[in-house]
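Shown next, in structure tokens, is the structure this report addresses.
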Amino acid sequence: MRNVGWLSREHAYPTGSAPEGLVDALAMLARDAVNVHRGMHFCDLCPDFRTAREHTSRGDVFIGSGEIRVTDSGGTTYASPAMIVHYVEHHGYLPPEEYCKAVLGAVQ
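When you read off a place in the sequence shown, starting at 1, and then add 24, the result is the number in this note's numbering.
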């Protein structure tokens, strides 16, 4: 298992334009988050708590808890916080190419 997207403002992360459809694919996968826990995670990258609190959901999908897991064609499983939806959409996080391919392939 490879972890992708566990971000903190204290550490640099790659940014760029996400592949077309990635945010929607991540949001779709977040509907079936696993390893959901009590409480919620607030985005550490947002400028303040109020903004972070507003981004614990994307539409009707709660992304403040749990993980997205996806397996690529080679058998590698990736685990990401459901909050990766927000990181990509609002903070320009660009996950590794192989992860993006696995996510996009999982929803086709």
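Backbone N, C-alpha and C define an ideal beta-carbon position, used for all residues, glycine too.
Of the other Cβ atoms in all chains shown, 16 or more fall within 10 Å of the Cβ of G88; this residue is therefore buried. Of the other Cβ atoms in all chains shown, 16 or more fall within 10 Å of the Cβ of E91; this residue is therefore buried. Exclusion of the five residues before and after V94 leaves Y102, A126, V127 and A130 as the residues of its chain whose Cβ lies within less than 6 angstroms of its Cβ. Contact between V85 and V47 does not hold, since the beta-carbon distance rounds to 11 angstroms and is not under 8 angstroms. By the beta-carbon neighbour count (other beta carbons within 10 angstroms, threshold 16), V58 is exposed. By the criterion of a C-beta distance shorter than 7 angstroms, C67 is surrounded in its chain by A76, H79, M107 and H110, once the five residues flanking it on both sides are discounted. Cβ-Cβ distances below 7 angstroms link L50 to I92, I108, V109, V112 and V127 in the same chain, with the five nearest sequence neighbours on each side left out; the list follows chain order. The beta carbons of G116 and G40 sit about 7 angstroms from each other, so the pair counts as a contact at 8 angstroms. For P119, the closest C-alpha among the options F73, Y37, D56 and R33 is that of Y37. In the DSSP assignment, A103 falls within the unbroken beta strand (DSSP E) covering T101 to P105. Each residue's CA atom was taken as its position, placing M52 and R74 some 25 angstroms apart.
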